[in-house]
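Participant:
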Amino acid sequence: RRYCVYFWDASLAVKEDPEWETGWYLASEVGGGGDTYARRLSPVMSSWSPEEALPPNEGWEFKKKKSGQWAAGAGGFRGATERARKMMPVIADDQEAEAALTSVPLERLKGSVVGTDAEITKYFCHFFMLL
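The sequence shown begins at 30 in my numbering and counts up by one.
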């Protein structure tokens, strides 16, 4: 089985659908094409932050198998672990980005990128150098 967690912003939908309210969804496909198992309705994200990029821990509803109705449940997601918090995106200004990139010792990286396709590896390295 495949499970997808995604945020659906109903205000951006091409056609209004009362069954698809704004919020987080847990489903077999993004956008409601498959089975939808749970949802957590919420207002539209007005300003994005890394914390909002994660689904909320509480307030989820689960779809009952027999009736198809939504019911409040005790389940949810765990909070972000320390490892996950370290992996969240960092928003840097131009000076911070330049300082970070110039601190990379490019000469020491030679020969450390390995790939199964020489051309793709070369392209990746070229792209990195352009950053």
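Glycine included, C-beta positions come from ideal geometry on N, C-alpha and C.
In the DSSP assignment, find the unbroken alpha helix (DSSP H) run with ALA129 in it and report its ends.
Facilitator: As a first step, residue 129 is located in the sequence shown; it is residue number 100 there, counting from the start. Start and end: 123–131.
Participant: Where DSSP assigns a beta bridge to GLU90, which residues make up the other side?
Facilitator: The residue given as residue 90 occupies position 61 in the sequence shown. In DSSP, GLU90 forms a bridge with ARG68, ALA101.
Participant: When you compare each of LYS95, ALA101, LYS94 to GLU87 by their alpha carbons, which one comes out closest?
Facilitator: Here residue 87 corresponds to residue number 58 of the sequence shown, with the count starting at 1. Closest by alpha carbon: ALA101.
Participant: Helix, strand or coil, according to DSSP, for LEU83 in the structure here?
Facilitator: Sequence index remark: in the sequence shown, residue 83 carries index 54 (1-based). Coil.
Participant: For PHE153, which three-state DSSP category applies?
Facilitator: Within the sequence shown, residue 153 is the residue found at index 124, counting from 1. The answer is helix: DSSP assigns PHE153 an H, G or I state.
Participant: Please name the residue, chosen from SER57, GLY63, ASP146, TRP49, that lies closest to SER71 on a Cα-to-Cα basis.
Facilitator: Numbered from 1 along the sequence shown, position 42 holds the residue referred to as residue 71. Sorting SER57, GLY63, ASP146, TRP49 by C-alpha distance to the C-alpha of SER71 places TRP49 at the top.
Participant: Measuring alpha carbon to alpha carbon, tell me which of CYS33, LEU55, GLY140, TRP37 ends up nearest PHE91.
Facilitator: Your numbering for residue 91 matches position 62 in the sequence shown. It is LEU55.
Participant: Is TYR35 near VAL59, with beta carbons less than 8 Å apart?
Facilitator: Along the sequence shown, one-based indexing puts residue 35 at 6. Along the sequence shown, one-based indexing puts residue 59 at 30. Cβ atoms of TYR35 and VAL59: closer than 8 Å.
Participant: Report back the beta-carbon spacing between ALA121 and ALA129 to the nearest angstrom; my notes put them in contact at under 8 Å.
Facilitator: The count along the sequence shown starts at 1 and reaches residue 121 at position 92. The count along the sequence shown starts at 1 and reaches residue 129 at position 100. Indeed, because the Cβ distance is near 7 Å, the residues count as touching under 8 Å.
Participant: Terminal residues of the continuous beta strand (DSSP E) containing LEU41?
Facilitator: In the sequence shown, the residue the question calls residue 41 occupies position 12. No beta strand (DSSP E) holds LEU41; DSSP gives it neither H nor E.
Participant: Where does ALA147 sit, in a helix, a strand or coil, going by DSSP?
Facilitator: By one-based count along the sequence shown, residue 147 stands at place 118. Of the three classes helix, strand and coil, the one that applies to ALA147 here is helix, per DSSP.
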